[in-house]
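Chains as they are written, first to last, in the numbering used here: chain A, 1190 to 1483; chain B, 1190 to 1483.
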C-alpha cells in the first residue's frame, strides 16, 4: 500500500504542480494588466479586445502626467506673446455672437450629397489642428474620405459590426439603453455625405531611437480638437453627427491603412443638411445647471 | 497495485478538482471586470485610486455604446432642421478667418490679475454647453472660481500634490519625462488669474428611480465642450493654459463641494496675458501631417 502510494504519488504530484503553475500564471496575468506598458499591450491582444482596452490602458498612464500640457524641450526658446485686445464691449458682443452661432448647431443625420468645396474642409481641419495637446504631441490624424467606394465599405463595416454588437456583445442593459436611444442600424449618411472625417488618436508616438513615446492625454487632446472642428463646421453652415462606431476601429484602421498606434476616436459625416432634414426637439440645460460660480 | 490506485485516487481527484475550481474562478474574475457596472466600482475604492481608475472603468462601458450620440427617448418629436446657408465664397472666407484667429491661440502661463467682465465668462461657458454629448447627457459642470481665498486653497492643493507625485508616485520614466517637460511646481497664475474654470465630467447620472445612469463617452463629450470653450476664449482675446492637476481631483472636488459622480477633467486659469508674458517658440504640424485625403 505504502509502496503503491510512493509509486503513484509522482504522477499526481506532477499533475498538481502543473495545475498550481496554471493558477499562478493566470493570477499574475490579472496584475500585469495595470503594470505593463501600452507597448507590450499593443502586441499580444486580439483586435476587438485591443479596441476596447487600449484607451483605458493609456488612461492609467495619462493620469501620471505632470499636469501642465505645455511640454517643451529645454532648448526651446521663449518668445514674447502678443494677442488681440478687444474693448470690454467688443468682448461681450463677440462672446454673445459666437454663443448664438454655436447654439444653432444640432447633430444632423440627414445629409445631402451636394458637393462641398475641399478648401473649406482643409480649413476646418487646420482649425482643429490648433488645439492644445499633452506635451504638444498633436496626437491626431484626420482622415477625410471622399471616394464613394471607400465610403460604402465604411458603411458596410459599421452596419455589420453594429448588428454583431446588438446580437452578441450587449447584455440586456445595453439592449434596453439602445431601445431608449432608438439606435438605427441603417446609416445612409455614410454614403450620401460628401465627406466622412474619421478622427484617429495616436495613442503613442516614436522616439528617434525607435522607442515608443507615451502620448499623454491623447484622447482628451484629440477630443478637444474635435470640439474646435465642430465649431468650425457650424461656422460655415455645414452639419454633422458625432459618432463613435462601436468596435469598428480596428477594421476601419486597416481599411484606411493607418498605423497600429492610431485608434479611431470619432467619425463625422460632413455636408449640407438634406432638404427634409429633421432633428429631435431636444433642449439644452440652462447655464445655471452647468455653471457654478464661487 | 490496482487496488491501491483506486483507494488513493479519490484523494488526489479531490485535490485536482479543487485546483481546477480555483483556476476557473480566477479566470472568470478577469472577464467580470468588463461586465461590472460603474455603480459597483464607484464604491469600494480609495480616493487616489478612484481618481486614477474611474474614467478607465467607464471607458470599457463607454465603448459599448450604440455608436450614435443622438440619444432620445421615443416620445421626443422630430422637428424640421433649419440652418444658415452661406455662398461657397463666404464659406471659404469664414473657414479661413476662424483658422487664422484660432491659430494665434497659445497656452499662456503668465496671466494678469486685471479683472474680466463676468458676462464674457458666462457666454464662453454657454458656448461650451452647446457641445454634443453621448445620449445628450450634457455631463459637464463648469466651476468658476473668482474668490481669491478659494483660488489660493486650490493652488496650495495642486502644488502640494505635485510635490508628492514627484517624490513618491512617479517612476524614473516620469521623472525623466517631467524634466523634459520642464514642469514648474510654482503655479502663480492660480492666484493671479481673475477666474479659474474647473471642468468636471459627470461619470454617471441618476435615473428618477435613484438608479445610477451610465454617461456614455462622458470624458470625450466634456473634452469636446472644452475645445469649444478654448475657441470661445480665444475669440474674445482671453488666454489660458490647459492643465490636468494630477491626483488633485478628489481634494478639489471636496473643496468645491461637488458630488461624487463628478471627476475633475481640466483646470483652466483665465484672464488677460500679463505684460511680460512669453510662450515657447513652438510650431504646429503642417496640415499634410495631420490630414489624409482618400
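The beta carbon of each residue, even a glycine, is placed where N, CA and C say it ideally should be.
Problem set entry | N-terminal and C-terminal residue of the alpha helix (DSSP H) that residue 1280(A) is part of | Along the first chain, read from residue 1 onward, the residue named residue 1280(A) stands at position 91. Here the alpha helix (DSSP H) through residue 1280(A) covers 1277-1291.
For this session: Alpha carbon to alpha carbon, how far is residue 1387(A) from residue 1423(A)? Give it in angstroms, no decimals.
Result: Start at 1 with the first residue of the first chain, and residue 1423(A) comes out as number 234. Start at 1 with the first residue of the first chain, and residue 1387(A) comes out as number 198. Those two C-alpha atoms are separated by around 18 Å.
Exercise. Could you give the C-beta distance for residue 1336(A) and residue 1268(B), rounded to a whole number, given that I count them as a contact under 8 Å?
Worked result: By 1-based counting over the first chain, the position of residue 1336(A) is 147. By 1-based counting over the second chain, the position of residue 1268(B) is 79. So it is not a contact: roughly 34 Å between Cβ atoms.
Exercise. Quick one: what does DSSP say residue 1384(A) is sitting in, helix, strand or coil?
Worked result: Reading the first chain from its first residue, position 195 is the one you call residue 1384(A). DSSP places residue 1384(A) in strand when its eight states are reduced to three.
Exercise. Going along chain B in order, which residues have a C-beta closer than 9 Å to the C-beta of residue 1327(A)?
Worked result: Within the first chain, numbered from 1, the residue matching residue 1327(A) stands at position 138. Result: 1473, 1474, 1478 and 1479.
Exercise. What whole-angstrom Cβ distance do residue 1272(B) and residue 1328(A) have, given they're in contact under 8 Å?
Worked result: The residue you call residue 1272(B) lines up with position 83 of the second chain. The residue you call residue 1328(A) lines up with position 139 of the first chain. Not confirmed; about 32 Å, so no contact.
Exercise. Is there a Cβ from chain A that is less than 8 Å from the Cβ of residue 1462(B)?
Worked result: One-based indexing of the second chain puts residue 1462(B) at position 273. With 8 Å as the cut-off, residue 1462(B) counts as an interface residue toward chain A.
Problem set entry | Pick from 1389(B), 1395(B), 1331(B) and 1276(B) that is closest to residue 1477(A), judged by C-alpha positions | By one-based count along the first chain, residue 1477(A) stands at place 288. The candidate whose alpha carbon is nearest that of residue 1477(A) is 1331(B).
Exercise. If you drop the 5 nearest sequence neighbours on each side, which residues of the same chain put their C-beta closer than 7 Å to that of residue 1216(A)?
Worked result: If you number the first chain from 1, residue 1216(A) lands on position 27. Per-residue confidence for residue 1216(A) stands at a pLDDT of 48, beneath the threshold of 50, marking its modelled position as unreliable; the derived number appears in the next sentence. Cβ within range, chain order: n/a, list empty.
Problem set entry | Nearest-angstrom Cα separation, counted from residue 1411(A) out to residue 1317(A) | The sequence position of residue 1317(A) within the first chain is 128, counting from 1. The sequence position of residue 1411(A) within the first chain is 222, counting from 1. Each residue's alpha carbon lies about 9 Å from the other.
Exercise. Which residues in the same chain have their Cβ closer than 7 Å to the Cβ of residue 1291(A), if we skip the five residues on either side of it in sequence?
Worked result: Within the first chain, numbered from 1, the residue matching residue 1291(A) stands at position 102. Around residue 1291(A): 1420 and 1423.
Exercise. Got a sec: is the Cβ-Cβ distance from residue 1467(A) to anything in chain B below 8 Å?
Worked result: By one-based count along the first chain, residue 1467(A) stands at place 278. So yes, residue 1467(A) belongs to the interface.
Exercise. What beta strand (DSSP E) runs, 3 residues minimum, are completely inside the region 1383-1417 of chain B?
Worked result: 1384-1391, 1393-1395 and 1401-1403
Problem set entry | For residue 1340(B), the nearest candidate out of 1380(B), 1301(B), 1353(B) and 1427(B) (CA to CA) | Within the second chain, residue 1340(B) is the residue found at index 151, counting from 1. The option with the nearest alpha carbon to residue 1340(B) is 1380(B).
Exercise. Between the C-alpha atoms of residue 1294(A) and residue 1417(B), what's the straight-line distance to the nearest angstrom?
Worked result: In the first chain, counting from the first residue as 1, residue 1294(A) sits at position 105. In the second chain, counting from the first residue as 1, residue 1417(B) sits at position 228. Going by the C-alpha atoms only, they are around 12 Å apart.
Exercise. When we look at the beta-carbon of residue 1296(A) and count the other beta-carbons within 10 Å, is it buried (16 or more) or exposed?
Worked result: Mapped onto the first chain, residue 1296(A) falls at position 107. The residue in question, residue 1296(A), is buried, as its Cβ has 16 or more Cβ neighbours within 10 Å.
Problem set entry | Between the CA atoms of residue 1346(A) and residue 1391(A) - distance to the nearest angstrom | Here the question's residue 1391(A) lines up with position 202 in the first chain. Here the question's residue 1346(A) lines up with position 157 in the first chain. If you take the alpha carbons of residue 1391(A) and residue 1346(A), they lie about 22 Å apart.
Problem set entry | Neighbourhood of residue 1435(A) by C-beta, 6 Å cutoff - its chain only, sequence neighbours within 5 removed | Taking the first residue of the first chain as 1, we reach residue 1435(A) at position 246. Closer than 6 Å at Cβ, skipping near neighbours: 1354.
Exercise. What residue does the alpha helix (DSSP H) around residue 1441(B) start on, and which one ends it?
Worked result: Numbered from 1 along the second chain, position 252 holds the residue referred to as residue 1441(B). Residues 1438-1444.
Problem set entry | Residues that DSSP places opposite residue 1453(B) in a beta bridge | By 1-based counting over the second chain, the position of residue 1453(B) is 264. Paired residues: 1389(B).
Exercise. Would residue 1323(A) pass as a contact of residue 1378(A) if the rule is Cβ separation under 8 Å?
Worked result: Here residue 1323(A) refers to the residue found at position 134 when the first chain is read from its first residue. Here residue 1378(A) refers to the residue found at position 189 when the first chain is read from its first residue. Taking 8 Å as the Cβ cut-off, residue 1323(A) and residue 1378(A) do not qualify as a contacting pair.
Problem set entry | Straight-line gap, residue 1349(A) to residue 1467(B) (C-alpha atoms, nearest Å) | Counting from 1 along the first chain, the entry for residue 1349(A) is found at position 160. Counting from 1 along the second chain, the entry for residue 1467(B) is found at position 278. So the two alpha carbons sit approximately 52 Å from each other.
For this session: Sort 1393(A), 1352(A), 1308(A) and 1265(A) by Cα distance to residue 1437(A) and report the nearest one.
Result: Along the first chain, one-based indexing puts residue 1437(A) at 248. The candidate whose alpha carbon is nearest that of residue 1437(A) is 1352(A).
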